[in-house]
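Worksheet: the structure to be examined is printed underneath.
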Amino acid sequence: MPTIQAEHERLAARIAELEDENSRLRARLAMGDTGVEAGRHSVADAYAGLGGSGVDFVQMLEQLPVGVMIADPTGRTLFRNRALHDMWRGARSLAGFEDWTDYAAWDAVTGRPLGAQDWPLALALIQGSPVSARAIDFRRFDGAMGRMLVSAEPVRNAAGVVVSGVAIAQDISELQAAEAQITLDRELLKQIGETTPDLIYAKDRQSRMIFANPAVLKATGRTWEEIAGRPDTDWHPDPEEAAQFVEDDELVMSSGVTRRFEEVLTGPEGTETFLSSKTPMKDPSGVVIGLFGISKNITAEKRLDAQRLLLMQELNHRLKNMLAMVQAIAQMTLKPALRTEEVWRVFDGRIQVLAGASDVLIRQSWDGAEVGGLVNEALRAHGCGPEGRIVAEGPEIWVDAQVAMGLSLALHELCTNAVKYGALSVDGGKVQVGWRSLDDPGNRVAISWRELGGPTVAPPARRGFGSRLIEQAFGDGAAKARVDYDPAGVRFEVVAPTLPPPQA
393 MPTIQAEHER
403 LAARIAELED
413 ENSRLRARLA
423 MGDTGVEAGR
433 HSVADAYAGL
443 GGSGVDFVQM
453 LEQLPVGVMI
463 ADPTGRTLFR
473 NRALHDMWRG
483 ARSLAGFEDW
493 TDYAAWDAVT
503 GRPLGAQDWP
513 LALALIQGSP
523 VSARAIDFRR
533 FDGAMGRMLV
543 SAEPVRNAAG
553 VVVSGVAIAQ
563 DISELQAAEA
573 QITLDRELLK
583 QIGETTPDLI
593 YAKDRQSRMI
603 FANPAVLKAT
613 GRTWEEIAGR
623 PDTDWHPDPE
633 EAAQFVEDDE
643 LVMSSGVTRR
653 FEEVLTGPEG
663 TETFLSSKTP
673 MKDPSGVVIG
683 LFGISKNITA
693 EKRLDAQRLL
703 LMQELNHRLK
713 NMLAMVQAIA
723 QMTLKPALRT
733 EEVWRVFDGR
743 IQVLAGASDV
753 LIRQSWDGAE
763 VGGLVNEALR
773 AHGCGPEGRI
783 VAEGPEIWVD
793 AQVAMGLSLA
803 LHELCTNAVK
813 YGALSVDGGK
823 VQVGWRSLDD
833 PGNRVAISWR
843 ELGGPTVAPP
853 ARRGFGSRLI
863 EQAFGDGAAK
873 ARVDYDPAGV
883 RFEVVAPTLP
893 PPQA
């Protein structure tokens, strides 16, 4: 949308063109020397004395993009061109000044209705002097409102007598609407900028400040005069912070893409953290000419997050202490005959898997976990990765805490069984772990385990604790797990609901 200044400059240039048109028309009319008889002749007759050029002159007026009206000293219409007719969307004959009230109009500045002798052309005829461009609101003959810019000139003969007058009018209704919208947008921006606690600002291509709302001035402790037209590195007392702001600005403007940054600003209130969203500003041709930014103070949120993390870490520490206590109780409770090295290794492994899953969850405050991180943590001791015999791959997908704990236990049991009896018990055997989003309305993920190259698999004669744990590890939630004892290798799949990834 054009700026107000640009529209004003364009309007001023157009006014100059209208004044120039008026001067040329006045000169041509004066050459005609129509005399007092001009009131009884048409405009073509008035120019008969120009050597037959009157018809060409009328045609020229009809081709002008602006409205033209010529009247005699009594106010009678001698001529009006097609552009003027189109502007009013109709026309009525004027036999004299008393008929001018058929055209309803108001002064655009004062709002006062125009009387018959208030029109610029009437004033030019009555006063005998030019009337400069004047904005007039008018009602077209179809009822629609408009605004036009009108100027007028009296035309004198060789003896200096006013023999006619010329008015030139341009419809500026679209310009008026554009200017009104610009004014509204500016006022809205001003109101938003003054009331929001967020920092709102704009910078040019050299990262110099060209707009800043009161929140920016408050956060920086500077006046507008101190920062206007200057980059942060010129006025901010902390060189490292200022350099970071300018670096972030340049990244946005050079890439032409909106980006978000976590920025630190030291001001009158101390050191505060802001989440800044910066958008490139482009000219009509698409060239980046600056940026527009909004920065939200997230200092309190960051402090709360730190406190929350501290509490969760303490909870995790206590959970691990409780698991260690469970180990100790089990060791003291189990009869020596049952507390064999193998039994204890399995039991201790399951406890460690729970602790490892807790570590993964604590990184997201127990809101959920990313599947890839869970898989890597659960299988870390068994060589998960391209170089090992267990290969895990899939996109970034998040699941809730219950699914995360269940998946960790299930993978541990599957891996333990694979090492003892399955694909990992022989040379050349391997395991593929994969996960993918399901194309269904439930936003679910399918996580699979597949053993390859191992001994022929037969269904177990009885379901041991490990098998039951694999299938029941997910509780009674929405996740559903199934183990398939395929002769070519054990297969396992769980389908579970996903979570949206956490906000950065």
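Note that our numbering has the sequence shown beginning at 393, numbered continuously upward. For every residue, glycine included, the Cβ atom is placed at its ideal position computed from N, Cα and C.
Residue of Ala692, Ala594, Ile782 and Asp464 minimising C-alpha distance to Gly845: For the purposes of this step, residue 845 is taken as residue 453 along the sequence shown, with counting starting at 1. With distances taken between Cα atoms, Gly845 lies closest to Ile782.
Within the segment 574–655, ranges of the alpha helix (DSSP H) (whole runs, at least 4 residues): 606–612, 616–619, 624–627 and 631–647
Sheet register partners of Gly881 (DSSP bridge): Taking the sequence shown and counting its residues from 1, the one referred to as residue 881 is at position 489. DSSP output for Gly881 lists Asp878 as bridge partner(s).
Those residues which DSSP pairs with Trp790 across a bridge: Here residue 790 corresponds to residue number 398 of the sequence shown, with the count starting at 1. Answer is Glu762 and Leu891.
Reduced DSSP category for Gly798 - H, G, I as helix; E, B as strand; rest coil: Within the sequence shown, residue 798 is the residue found at index 406, counting from 1. Residue state, collapsed to three classes: helix.
Cut-off 7 Å between Cβ atoms - residues of its own chain near Ser609, not counting five sequence neighbours on either side: One-based indexing of the sequence shown puts residue 609 at position 217. Correcting the residue identity first, residue 609 is Leu in this sequence and not Ser. Contacts found: Thr615 and Trp616.
Assigned secondary structure, Arg539 (DSSP; H/G/I helix, E/B strand, else coil): Indexing the sequence shown from 1 puts residue 539 at position 147. Strand, per DSSP.
Extent of the continuous alpha helix (DSSP H) run through Ala514: Position 122 of the sequence shown holds residue 514. Pro512 to Gln519 is the span of the alpha helix (DSSP H), which, as asked, contains Ala514.
beta-carbon Val680 near the ligand GDP non-hydrogen atom, thresh 7 Å: Of ligands this structure carries none, so the ligand GDP is not represented either.
Residue closest to Val458, alpha-carbon to alpha-carbon, out of Glu843, Ser687, Asp563 and Glu632: Translated into the one-based positions of the sequence shown, residue 458 becomes position 66. Checked all of Glu843, Ser687, Asp563 and Glu632; the closest Cα to Val458 is Asp563.
Cβ-based neighbour list, Gly488, same chain, cut-off 7 Å, excluding 5 preceding and 5 following: Mapped onto the sequence shown, residue 488 falls at position 96. So the qualifying residues of the chain are Thr466, Gly467 and Arg468.
Span of the beta strand (DSSP E) around Leu470: Within the sequence shown, residue 470 is the residue found at index 78, counting from 1. It spans Thr469 to Arg472 - the beta strand (DSSP E) in which Leu470 sits, taken as one unbroken run.
Touch test, the segment 802–817 against the segment 881–891, Cβ-Cβ under 8 Å, three pairs minimum: yes
Host beta strand (DSSP E) of Leu844 (start-end): What you label residue 844 is simply residue 452 of the sequence shown in a count that begins at 1. Segment Arg836 to Leu844, the beta strand (DSSP E) holding Leu844.
Unbroken beta strand (DSSP E) run spanning Ala496, endpoints: Here the question's residue 496 lines up with position 104 in the sequence shown. Here Ala496 belongs to no beta strand (DSSP E), and DSSP marks it neither H nor E.
Euclidean distance between Cα positions of Ser687 and Pro676: Walking along the sequence shown from the start, residue 687 turns up at place 295. Walking along the sequence shown from the start, residue 676 turns up at place 284. If you take the alpha carbons of Ser687 and Pro676, they lie about 26 Å apart.
Within 8 Å, strictly: CB atoms of Ala500 and Ala527: Indexing the sequence shown from 1 puts residue 500 at position 108. Indexing the sequence shown from 1 puts residue 527 at position 135. Cβ atoms of Ala500 and Ala527: closer than 8 Å.
Rounded separation between Met461 and Ser669 - CA only: In the sequence shown, counting from the first residue as 1, residue 461 sits at position 69. In the sequence shown, counting from the first residue as 1, residue 669 sits at position 277. Those two C-alpha atoms are separated by around 56 Å.
For Arg526, three-class secondary structure by DSSP: In the sequence shown, residue 526 corresponds to position 134, counting from 1. If DSSP states are grouped into helix, strand and coil, Arg526 belongs with the strands.
Neighbourhood of Pro778 by C-beta, 8 Å cutoff - its chain only, sequence neighbours within 5 removed: As a first step, residue 778 is located in the sequence shown; it is residue number 386 there, counting from the start. Confidence at Pro778 is low in this model, with a pLDDT of 49, below 50, so the placement of that residue should be treated as unreliable; the coordinate-derived value is given next. None.
Cβ pair Val547, Ala561 closer than 8 Å: Along the sequence shown, read from residue 1 onward, the residue named residue 547 stands at position 155. Along the sequence shown, read from residue 1 onward, the residue named residue 561 stands at position 169. Cβ atoms of Val547 and Ala561: not closer than 8 Å.
Arg828: first and last residue of the uninterrupted beta strand (DSSP E) it sits in: Along the sequence shown, one-based indexing puts residue 828 at 436. Taken as a continuous stretch (DSSP letters only), the beta strand (DSSP E) holding Arg828 covers Lys822 to Ser829.
DSSP state of Asp425 mapped onto helix, strand, coil: By 1-based counting over the sequence shown, the position of residue 425 is 33. Reliability fails at Asp425, whose pLDDT of 41 lies under 50, so the model's placement of it is uncertain and the value that follows must be treated cautiously. Asp425 falls in the coil class under three-state DSSP.
Coarse secondary structure for Val450, derived from DSSP in three states: What you label residue 450 is simply residue 58 of the sequence shown in a count that begins at 1. Helix, per DSSP.
Cutoff 6 Å; reference Gln568; Cβ partners in own chain excluding five residues on either side: Counted from its first residue, the sequence shown places residue 568 at position 176. Excluding positions up to five away in sequence, the list reads Arg539.
Alpha-carbon to alpha-carbon, Ile789 and Ala761: Taking the first residue of the sequence shown as 1, we reach residue 761 at position 369. Taking the first residue of the sequence shown as 1, we reach residue 789 at position 397. So the two alpha carbons sit approximately 8 Å from each other.
For Pro778, the three-state DSSP class (helix, strand or coil): Counted from its first residue, the sequence shown places residue 778 at position 386. Unreliable positioning characterises Pro778 in this predicted model, as indicated by a pLDDT of 49, which lies under 50. The coordinate reading is nonetheless provided below. Looking at Pro778 - three-state DSSP - the assignment turns out to be coil, as it is neither helix nor strand.
Residues bridged to Gln562 (per DSSP): Walking along the sequence shown from the start, residue 562 turns up at place 170. Paired residue(s): Leu541.
Bridge partners - Pro546, DSSP secondary structure assignment: Here residue 546 is taken as the residue at index 154 of the sequence shown, counted from 1. DSSP lists Gly557 as partners of Pro546.
Other residues of its chain near Arg622: CB distance less than 8 Å, five sequence neighbours each side excluded: For this step, residue 622 is matched to residue 230 along the sequence shown. Arg600 and Met601.
Own chain residues within Cβ distance below 6 Å of Met645, not counting five before or after: Residue 645 sits at position 253 when you count from the first residue of the sequence shown. Cβ within range, chain order: Pro672, Val680 and Leu683.
Beta-carbon spacing of Leu456, Phe471 below 8 Å: Locating residue 456 in the sequence shown gives position 64, counting from the first residue. Locating residue 471 in the sequence shown gives position 79, counting from the first residue. Contact flag unset, no.
Neighbour-count burial assignment, Val818, 16 or more Cβ in a 10 Å radius: By 1-based counting over the sequence shown, the position of residue 818 is 426. Per the 10 Å Cβ criterion, exposed.
CA-to-CA distance, Glu664 to Asp626, given in whole angstroms: By one-based count along the sequence shown, residue 626 stands at place 234. By one-based count along the sequence shown, residue 664 stands at place 272. For Asp626 and Glu664, the distance between alpha carbons rounds to 20 Å.
8 Å contact criterion, which Gly557 and Ala516 should meet: CB distance rounded: On the sequence shown, residue 557 is found 165 positions in, with the first residue counted as 1. On the sequence shown, residue 516 is found 124 positions in, with the first residue counted as 1. Right, their Cβ atoms sit about 5 Å apart.
Per-residue DSSP class, three states only, for Val886: Position 494 of the sequence shown holds residue 886. Of the three classes helix, strand and coil, the one that applies to Val886 here is strand, per DSSP.
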